[in-house]
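Enquirer:
In our numbering, the protein residues as written are 2 to 48.
#1: Span of the alpha helix (DSSP H) holding residue 6?
#2: What is the DSSP secondary structure of residue 31, reduced to helix, strand or coil?
#3: Suppose contacts are defined by Cβ-Cβ distances below 8 Å. Is residue 13 in contact with residue 26 by that definition?
#4: Compute the distance between the beta-carbons of residue 33 and residue 23, then report whether it is under 8 Å.
#5: On the DSSP letters alone, give me the boundaries of the alpha helix (DSSP H) that residue 45 sits inside.
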């Protein structure tokens with residue numbers, strides 16, 4: 002299965018909106034590492 006760049010960009014934009022301190026669209030912007038247990042938070046915040 003091939004993932005298109007536009008799909009990756011859309012997913013990253015959604016993650017950046019839900020978790021702005023951990024995910025950024027511009028890699029030079031300040032961001033923090035993910036927390037322990039983030040795997041459970043992502044589906045809850047991005048249904």
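Positions of the beta carbon are idealized from the N, C-alpha and C atoms, including for glycine.
Computed from a predicted model, the values in this text were never measured in an experiment.
Expert: In short, the structure shows the following:
#1: 6-19
#2: coil
#3: yes
#4: yes
#5: 39-46
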